[in-house]
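Please read the structure below before turning to the comments.
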Amino acid sequence: RLCELLDNAGRGWRKLAELAGAEKRFKCSAEELEMCSLKVLEPRGSPTQCLLQLLAERDCTLRYLLGCLERMGHEQACRVLSSAVQDVIRITVQPESQVAAEGTQVSLTCCATGPPGLAYQWFCGRQEVPGATSPELVIDTASLVGQPEWYICRVNCGATFTFSRWAHVQVEKSSSPSSASGYCPTMAGLQILRQPRPCCLAEGDTLVLECRAIGNPPPQYQWFRNRRHVEGAQAPQLQVKLVTTAERGSYSCRVFNLFHEVWSQEVDVEIGEGPRQTSVTPHLLCSQAGVSHSVTAPPSLVLAATDKVALLIGNMHYLHHKQLQAPIVDVHALSALLRQLDFKVVSLLDLRKAEMQMAVDEFLLLLDKGVYAGLLYYAGHGYENFGNSFMVPIDAPSAYTSEHCLCVQRVLREMQQRRTGLNIFLLDMCRKRNLNDDIIPQVGALEVTANIVFGYATCADAEAYELSQGELSNGIFVTFLKRWLLEDEKITVLLDKVAEDMGTLEITRGRQALELRSNLSERRALTDPIRPPGQDESSARNLQWAKAHVLPESRHLRFDCGVTVQLGFAAEFSNIMIIYTRVVAAPKDITKCEARLTDIPEELDVDLKCTNKESPEELGSPLAPVWSLGCPSCCLYSRICGLQKLRQELAFTVYLQYRYQGMDDFVEERQRVNVGRPLIAKLNLQ
């Protein structure tokens with residue numbers, strides 16, 4: 001039906017291809033579009049059918065396709081596809097894994113919505129369960145012998161089908177004599193088969209408590225510590241890694257379903273102090289009523305981080321908005337300063353929304369308890385609505401909303417869940433209200449952690465400006481921030497000094513002023529020392545960070561003609577790499593020789609004007625004087641951007657062109673080179 005509607009020259013398949021191509025992975029090449037158009041020459045050929053096949057092969061969803069048709073304004077096609085989206089079978093109630101007492105009955109339920117006439121079929125492992133063709137499956141545990149059984153339900157309507165999740169049914173013997181009765185558990189209520197046990201741990205250990213119950217409907221769980229519910233602890237097993245004395249207390253578990261509620265026994269968890277560095281503690285000798293006793297004086301508190309990591313994002317080359325100049329210089333300047341403070345820095349330029357989200361997710365993997373997490377610095381377009389700040393990716397449409405952007409407060413909430421020691425957000429962006437966006441995102445409640453610092457480059461409902469200084473452009477914020485960043489000051493005091501300095505700039509007075517928001521209760525500074533935790537946690541973080549900063553090793557390529565070419569690499573940012581080629585040896589009868597890069601993967605942002613240049617300055621990067629210091633002379637330079645988009649290992653061709661003495665014609669040789677996944681590409685942000 002879609003083919004009938006779209007196989008025309010007006011608002012047809014070509015317009016659909018254009019709109020779908022806004023997402024780069026769905027963009028069709030000129031050859032593919034020509035292949036679609038030639039389908040009209042076939043007896044039953046359809047350009048639309050061919051286009052839909054191409055989109056299907058690239059995992060285009062029905063909902064994305066529907067969005068494209070809505071933007072086309074093709075109401076008939078929208079109605080056709082809307083009904084198809086509604087006809088998709090969706091499972092609304094999944095079967096739940098259960099632990100059952102021997103001799104009881106267990107009920108598994110699977111419910112689905114979709115077109116009329118849905119049919120159900122249950123499977124045990126790979127075998128159909130005879131007669132099990134209803135949403136509910138009742139299992140007699142007396143027939144389950146040996147290993148636990150796995151069950152799954154298929155829901156279909158004609159040839160369309162989907163499967164539920166696997167449900168695991170485990171039979172256990174209970175110490176209670178009544179548990180062997182043949183009644184359904186709902187008749188006797190919930191029954192706890194395994195109680196949590198008290199334990200005594202050292203700091204840094206992993207706490208594991210377990211409560212197992214049976215019931216029908218299946219039981220749900222909620223853990224409590226000191227009679228207060230534990231956030232997110234809704235599984236039979238409670239696990240807390242790297243415990244501290246804050247986790248000591250009395251624990252219990254509430255087990256419930258639609259009809260009943262029972263509580264586990266309350267158990268005590270003791271947390272002793274883990275190993276510490278030895279130190280001499282002064283004692284005071286007191287005398288009271290003729291009795292002498294010693295009192296330990298409190299040690300002076302030296303704040304330290306278990307690690308310090310930072311994510312720096314600069315967005316410049318927007319697809320539908322004004323281009324910016326400052327982020328490349330600002331991100332590079334902050335990277336250099338933070339590394340002096342022993343921060344692990346990931347610096348990225350020009351990210352689309354999916355890439356920004358994946359970069360944040362990888363950043364969160366670097367965070368752990370006590371880590372000074374935040375440095376999360378962002379330079380680019382942004383806005384603020386209803387107290388929430390939004391970072392705008394480079395692929396945001398002209399009328400963007402929160403759906404197209406990243407919410408800073410949501411990132412903060414995820415950082416809090418990692419139990420970081422200090423969360424700093426430096427937001428170098430505008431904070432004007434977005435009139436296209438009237439949605440209030442449901443971020444969820446933030447924890448009261450007294451370790452959050454927000455440094456905004458400008459006030460609410462105001463703009464942030466770039467400062468033009470010849471070829472280099474700095475943001476006003478970073479121009480003053482870099483003066484103070486290395487100072488040994490509490491971070492809020494440091495930002496106050498930056499605000500004072502910014503206030504002296506005449507051209508922005510009354511237009512841009514730094515705003516500081518903080519609930520930081522301790523004197524925490526960026527200069528605080530690092531005291532790493534156990535080796536396992538520290539090495540895991542170091543490995544994750546190191547992955548994003550590994551350059552390919554320099555290598556020498558030997559060609560059949562006897563020429564040797566050096567292939568070298570330098571990093572400008574975590575997602576921008578410089579490749580240079582240099583002829584280091586050639587036979588005497590070869591008078592002119594040059595090695596160039598070709599066949600670079602299309603998904604990377606490679607400007608042909610910025611490849612195979614004789615000097616670093618010709619690449620157009622304002623940072624060339626910095627990274628070129630470590631490069632040899634007499635090279636050809638190429639700048640490779642957008643490494644986060646790399647889907648496979650980076651492979652390209654080194655094209656050697658040379659001429660023998662006394663000959664006018666050039667001779668060519670080629671070598672294919674694979675350098676693996678360099679820098680941020682190792683993290684597989686795709």
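Residue 579 in UniProt numbering sits at position 579 of the sequence shown; the count goes up by one each step and never skips. Glycine included, each C-beta is placed from N, C-alpha and C at the ideal position. These numbers come from a predicted model, not from an experiment.
Just the Cα atoms here: how many angstroms apart are residue i and residue j?
i	j	result
ILE640	LEU486	31 Å
TYR580	LEU636	5 Å
PRO198	ASP268	5 Å
PRO529	ALA624	32 Å
ASP350	CYS111	44 Å
THR278	ARG531	Here THR278 scores only 33 on pLDDT, less than 50, and its place in the model should not be relied on; the value that follows carries that caveat. If I take the Cα positions, the gap works out to 14 Å.
GLY117	ASP59	28 Å
ALA379	LYS645	20 Å
VAL345	ARG126	49 Å
TYR383	GLY314	15 Å
HIS229	VAL80	48 Å
GLY45	LEU69	22 Å
ARG154	ALA167	13 Å
TRP223	GLN265	12 Å
LEU62	LEU55	10 Å
ALA513	ALA457	7 Å
LEU303	VAL498	23 Å
Let me confirm a value: residue i is counted as buried when at least 16 other C-beta atoms fall within 10 Å, else exposed. Which label applies?
i	result
MET663	exposed
HIS332	buried
PHE161	exposed
LEU643	buried
LYS27	exposed
ASP428	buried
GLU602	exposed
residue 687	The chain is shown only over 1 to 686; residue 687 falls outside these bounds and no answer can be derived.
LYS588	exposed
GLU128	exposed
ILE439	exposed
GLY455	buried
SER250	exposed
SER252	buried
PRO275	Only weak support is given to the placement of PRO275: the predicted model assigns it a pLDDT of 39, under 50, and the question is left unresolved by the model.
LYS308	buried
Could you name the residues of the same chain whose beta carbon sits closer than 7 Å to that of residue i, not counting the 5 residues immediately before and after it, in chain order?
i	result
VAL478	ASP330, ALA333, LEU334 and ASP428
THR449	GLN416
GLU18	none
Taking 8 Å as the cut-off, decide whether the C-beta atoms of residue i and residue j are in contact.
i	j	result
CYS561	ILE590	yes
ARG431	ALA462	yes
VAL262	THR206	no
PHE343	LEU375	yes
GLY676	LEU650	yes
GLN94	ARG165	yes
VAL360	LEU412	no
PHE559	GLN671	yes
GLY211	GLN195	Residue 211 is actually Cys in this sequence, not Gly. Yes, the Cβ-Cβ distance between CYS211 and GLN195 is below 8 Å.
PRO678	PRO552	yes
ASN451	LEU494	no
Provide the residue(s) that pair with residue i in DSSP beta bridges, ordered along the chain.
i	result
ASN674	ALA651
ARG517	PHE454
PHE390	TYR383 and CYS407
SER347	LEU312
ILE640	MET577
TRP263	ARG254
CYS157	THR160
TRP484	In DSSP, TRP484 forms no bridge with anything.
ILE139	VAL106
LEU426	TYR377 and GLY455
TRP13	Paired residue(s): none; TRP13 is not in a bridge.
GLY568	TYR580
Within the same chain, show all residues whose beta-carbon is closer than 6 Å to that of residue i, passing over the 5 residues directly before and after it, in chain order.
i	result
HIS549	none
ILE600	VAL606 and PHE652
VAL171	ALA100, GLU102, THR141 and LEU144
THR598	THR653 and TYR655
TYR183	Here the model assigns TYR183 a pLDDT of 35, short of 50, so the residue's position is not dependable and the matter cannot be decided.
SER175	Interpretation of SER175 is limited by its pLDDT of 45, a score under 50 that renders its predicted location unreliable; no figure is taken from the coordinates.
Which residues in the same chain as residue i place their Cβ atom closer than 8 Å to its Cβ, once the five residues preceding and following it in sequence are excluded?
i	result
HIS321	HIS381, VAL392, ALA396 and SER398
ARG582	VAL565, GLN566, GLY568, ALA595, PRO632, CYS634, CYS635 and LEU636
LYS482	ALA333, LEU334 and LEU337
GLN288	Unreliable placement is indicated for GLN288, whose pLDDT of 36 sits below 50; the coordinate value is still reported in the next sentence. If we look at GLN288 and ignore the five residues flanking it on each side, it has no Cβ neighbours.
Given the structure, does residue i come close to the ligand SAM, in the sense that its CB is under 7 Å from one of the ligand's heavy atoms?
i	result
GLY73	Although the ligand SAM was asked about, the structure shown includes no ligands whatsoever.
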